[in-house]
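See structure below.
Residue numbers (our numbering), protein chains in the order written: chain A, 116 to 296; chain B, 2 to 444.
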């Protein structure tokens, strides 16, 4: 018996075994991955707090980190626009009186406090995103919320407390095309 | 009279038929160039075509020596050096960078890759395609990771579709018409042919947990830009785009892969796509909860606008594209709708008092740029040019007055290039003066 004819039944069996119990259609070239191996990328925090990591931070802790890592762009008091850098103001609760996006502030516009944690962790500081520890992100979130008078000076933020922060403009939004959702 | 004679006669009789005020002509005149000229000459309206004879023809220097060596990747002629995108943040300061398409200097329906608009919220990352990964996880039965190589072996689809930034046209929220050209006003929209793998093909392999209602798409760029998208779109026409006009995506347009959501707000078409997570509720990311929301006169704001609605604008003539002498011209422009096909474009030369129907260049594709053309006899009088589009679902592009009545205006004139509100899809007006110069006006 030649080598080739000896292989044929084996090949046929192998194909049957692979294709049979798994998915019959499609190339199936994706590699399975479990939650532990995708954890480093799984940074989404949802509006109800799903995805918030362990850790905590207070406004006082956040003030120190802010001075070191944020003030150079957002200004010493979070009012934005330092020396030609166009970083957004972080403080501001004045009412919205114009359709201009320049009115949007965390205190008067953002509907969810969870967004502040999510965005700070994934995108800040501008030059070095994803370098803050979770405790630092909680502390910065607490500092900015406290500066906006949305939490008390000594309120620690963590996975339980952050989603409970009531943002003033929570109900200020209209879905444009509900049928598309 | 034979049938063909009758047809020719019918065409000729409509050649110079005026269909609306200020010289708009029947679009059927565009069917054949010879017929147009025959009709035009007979009534003496062609201007210089009937004037002085041409100069004698001679060989130019470039016809008397071999041309340049052909290079591996070609760039446009040096004479086209001004056909480039305009940049709002050329030094890459922290913050968004915009690069706007010069619609007044291009034609057809496809945007060349080097001129495709970009809005970047963190610069263009230098991604090694062999090391890039796409993970699909969350509410799926089987979380999977794909390499670019693996995606290249899946069944592919090709479609032409436009992309438009939610902030395109934002200068028209100004209470006074900004004196800027088309590129500054509507340059944040482009149209390309995209090739890639349908997202539904990949979801067939991961399976979908019935609890999933949304997916979060996230990029591998510095801000890890993330948007929540209704799962409905994934099962409809969403795709993972791998090629743009036949070549790999440009770096600033998402190399090596981006999410493509035909007809949806540009920012949702996540570039450098590395993760798709199926979830029950939207994340309320920074970009959907704050940046891509639109404040209304009531103080409330639209959120998850999703669709880019039916819109059109005239590309030629437009500010900077001057009419040099009276005569026959083609008014040309672009129409598109995130809902589907363009069904009709009307053009006015008298500020919207009378309208004529424009010719639509085939093929008219769903959620793609459609080039429209309208023959026009300009007698050097003042005119206000407008276009207005309809889509297959019956949606009509609003006039600016109708639009502003609902969406409001800014209190102060913004700087050119500022995006202070979004989803402006109303009519744009160009006033042409007796010198043939076009200017942005509200009419």
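All C-beta atoms, glycine included, are put in the ideal place defined by N, C-alpha and C.
Here the structure is a predicted model, which means the values were calculated and not measured.
Residue i versus residue j: straight-line alpha-carbon distance, rounded
i: residue 265 of chain A; j: residue 283 of chain A; result: 8 Å
i: residue 274 of chain A; j: residue 202 of chain A; result: 27 Å
i: residue 259 of chain B; j: residue 398 of chain B; result: 29 Å
i: residue 289 of chain A; j: residue 233 of chain A; result: 22 Å
i: residue 148 of chain A; j: residue 160 of chain A; result: 20 Å
i: residue 150 of chain B; j: residue 284 of chain B; result: 30 Å
i: residue 219 of chain B; j: residue 196 of chain A; result: 28 Å
i: residue 81 of chain B; j: residue 206 of chain B; result: 47 Å
i: residue 401 of chain B; j: residue 382 of chain B; result: 24 Å
i: residue 182 of chain B; j: residue 430 of chain B; result: 12 Å
i: residue 210 of chain B; j: residue 268 of chain B; result: 26 Å
i: residue 244 of chain A; j: residue 187 of chain A; result: 15 Å
i: residue 157 of chain A; j: residue 252 of chain A; result: 16 Å
i: residue 281 of chain B; j: residue 141 of chain B; result: 11 Å
i: residue 281 of chain A; j: residue 131 of chain B; result: 45 Å
i: residue 396 of chain B; j: residue 55 of chain B; result: 49 Å
i: residue 191 of chain B; j: residue 250 of chain A; result: 42 Å
i: residue 187 of chain B; j: residue 165 of chain B; result: 9 Å
i: residue 405 of chain B; j: residue 157 of chain B; result: 42 Å
Rounded distance between the beta-carbons of residue j and residue i, thought under 8 Å
i: residue 335 of chain B; j: residue 305 of chain B; result: Between residue 305 of chain B and residue 335 of chain B the Cβ distance is about 26 Å, and since that is not below 8 Å, they are no contact.
i: residue 177 of chain A; j: residue 238 of chain A; result: Incorrect: roughly 17 Å between the Cβ atoms, too far for contact.
i: residue 343 of chain B; j: residue 365 of chain B; result: 6 Å
i: residue 110 of chain B; j: residue 362 of chain B; result: 7 Å
i: residue 222 of chain A; j: residue 208 of chain A; result: 4 Å
i: residue 152 of chain B; j: residue 198 of chain B; result: 5 Å
i: residue 312 of chain B; j: residue 293 of chain B; result: Not really, about 17 Å apart at Cβ, beyond 8 Å.
i: residue 377 of chain B; j: residue 24 of chain B; result: 6 Å
C-beta atoms of residue i and residue j nearer than 8 Å
i: residue 297 of chain B; j: residue 409 of chain B; result: yes
i: residue 257 of chain B; j: residue 128 of chain B; result: yes
i: residue 206 of chain A; j: residue 192 of chain A; result: yes
i: residue 118 of chain B; j: residue 369 of chain B; result: no
i: residue 229 of chain A; j: residue 277 of chain A; result: yes
i: residue 279 of chain B; j: residue 115 of chain B; result: no
i: residue 233 of chain B; j: residue 295 of chain A; result: yes
i: residue 97 of chain B; j: residue 88 of chain B; result: no
i: residue 257 of chain A; j: residue 165 of chain A; result: no
Under 7 Å from the C-beta of residue i: neighbouring residues of chain A
i: residue 187 of chain B; result: Here the premise fails: no neighbours, minimum Cβ distance about 18 Å.
i: residue 224 of chain B; result: 237, 238 and 244
i: residue 155 of chain B; result: 142
Three-state class that DSSP yields for residue i in the structure shown
i: residue 115 of chain B; result: helix
i: residue 425 of chain B; result: coil
i: residue 70 of chain A; result: The structure shown does not extend to residue 70 of chain A, since chain A spans only 116 to 296, so no value can be given for it.
i: residue 180 of chain A; result: helix
i: residue 267 of chain B; result: helix
i: residue 30 of chain B; result: helix
i: residue 314 of chain B; result: strand
i: residue 236 of chain A; result: helix
i: residue 383 of chain B; result: coil
i: residue 218 of chain A; result: helix
i: residue 351 of chain B; result: strand
i: residue 200 of chain B; result: helix
i: residue 343 of chain B; result: strand
i: residue 46 of chain B; result: Because the pLDDT of residue 46 of chain B is 44, which lies under 50, any placement of that residue in the model is unreliable, and the question is left without a value.
i: residue 147 of chain A; result: strand
i: residue 266 of chain A; result: coil
i: residue 94 of chain B; result: coil
i: residue 176 of chain B; result: coil
i: residue 392 of chain B; result: strand
Where residue i meets chain B, residues with beta-carbon distance less than 7 Å
i: residue 146 of chain A; result: 145 and 146
i: residue 279 of chain A; result: Within 7 Å Cβ-Cβ: nothing; residue 279 of chain A doesn't reach chain B, min ~15 Å.
i: residue 217 of chain A; result: 421
i: residue 202 of chain A; result: 95
Where residue i meets chain A, residues with beta-carbon distance less than 8 Å
i: residue 277 of chain B; result: Here the premise fails: no neighbours, minimum Cβ distance about 11 Å.
i: residue 138 of chain B; result: 148, 150, 153 and 157
i: residue 206 of chain B; result: 138, 141, 143 and 145
i: residue 233 of chain B; result: 295 and 296
i: residue 448 of chain B; result: Within the shown structure, residues of chain B are numbered from 2 to 444, placing residue 448 of chain B beyond reach of any answer.
Any non-hydrogen atom of the ligand PLP closer than 7 Å to residue i Cβ
i: residue 126 of chain B; result: You won't find the ligand PLP in this model; it holds no ligand whatsoever.
Chain A residues whose Cβ lies nearer than 9 Å to that of residue i
i: residue 282 of chain B; result: 161, 162, 163 and 165
i: residue 443 of chain B; result: Here the premise fails: no neighbours, minimum Cβ distance about 17 Å.
i: residue 412 of chain B; result: 212, 213, 214 and 215
i: residue 409 of chain B; result: 213 and 214
Where residue i meets chain B, residues with beta-carbon distance less than 8 Å
i: residue 290 of chain A; result: 303, 304 and 305
i: residue 222 of chain A; result: Here the premise fails: no neighbours, minimum Cβ distance about 12 Å.
Beta-carbon neighbours of residue i, restricted to chain B and to distances below 9 Å
i: residue 169 of chain A; result: Result: empty, since nearest Cβ-Cβ is about 19 Å, beyond 9 Å.
i: residue 283 of chain A; result: In chain order: nothing, as chain B lies at least about 12 Å away.
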